[in-house]
Amino acid sequence: LRDNIDGITKRSIRELARKAGVKTISDLTYEEVKGRVRQMLEDWIYNITTYTQHSKKNTVGIKEVSAGIPHKYYSKLLNEKKCTKKKPSKRNSPEKEIAYYQKLGGCLSIRKKPFERLIREVAQDYVHNLRFSAEAIIMLQHCLENCVVDMLSKANLSAIHAGRVRLFPKDLQISMKIADSSGKCGTGGLSAGAPAVNFGVYIKRVLADVSVSLGKKKRMSKNAL
């Protein structure tokens, strides 16, 4: 058995860090990011599988993914042909690499196959033989990378506040404690993808029905007299 979290390489994490504006990262920070990615996927996929079982489906689609993850990490699904990126030269400074990766926009940094294997490994802990559509995997990867970039950008602010350029695990821990007491980016909810219900309209309809029924009773009592 192999731990598929190793499929998220240092290079992909470095690209995400460049998008967040981070110049240098310590070796322990890579392992910290991998651990937090694993926690986020476990929470999100638990919600996704629960929603899929509730709707009596065997394949996870976009609707199930949107119901199990926070909406603030959504991004538009881009065409992969437009995201052809060239490798930056090793002679570039960190500032040039940050500008280069930030211009790519929503292009994915983690490789598809390792990320797909990681999703299936985590999903097996909850439901066996659960299938994921290709669009659901891409959407989940977009949301995860947006969450990691947001997490690294907040950690970079804490490092700059401490007078450092290099990012350490304690910067991630401090930023996550400030953002959320649970230390996670957010788990979403099973009703996250459902439309908002306006209970005010429902209450008005109920009161109107009650008033109509009361008016009919009064009329019937007057006629009886």
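The end of the sequence shown is residue 305 by this note's numbering, with every number in the run present.
Using N, Cα and C, we set each Cβ at its ideal position, and we do this for glycine too.
Pairing Leu224 with Ala235 gives a Cβ-Cβ distance that is not under 8 Å. Following the DSSP letters along the chain, one finds Gln133 inside the alpha helix (DSSP H) bounded by residues 107 to 134. In the DSSP assignment, Phe195 falls within the unbroken alpha helix (DSSP H) covering 192 to 203.
In the DSSP assignment, Pro174 falls within the unbroken alpha helix (DSSP H) covering 174 to 183.
Going by C-alpha positions, Tyr110 is about 13 Å away from Val229.
Secondary structure at Arg98: helix, using DSSP grouped into helix, strand and coil. In the displayed model, Arg244 falls within coil according to three-state DSSP, outside both helix and strand. In this structure, Val140 places its C-beta atom within 8 Å of the C-beta atom of Leu210. In the DSSP assignment, Val145 falls within the alpha helix (DSSP H) that extends over 142 to 148. Distances from the alpha-carbon of Leu121 to those of Ile88, Ser173, Arg98, Ile254 put Ile88 closest.
By the 16-neighbour rule on beta-carbons within 10 angstroms, Arg91 is exposed. With fewer than 16 other beta carbons inside 10 angstroms of its own, Gln182 counts as exposed.
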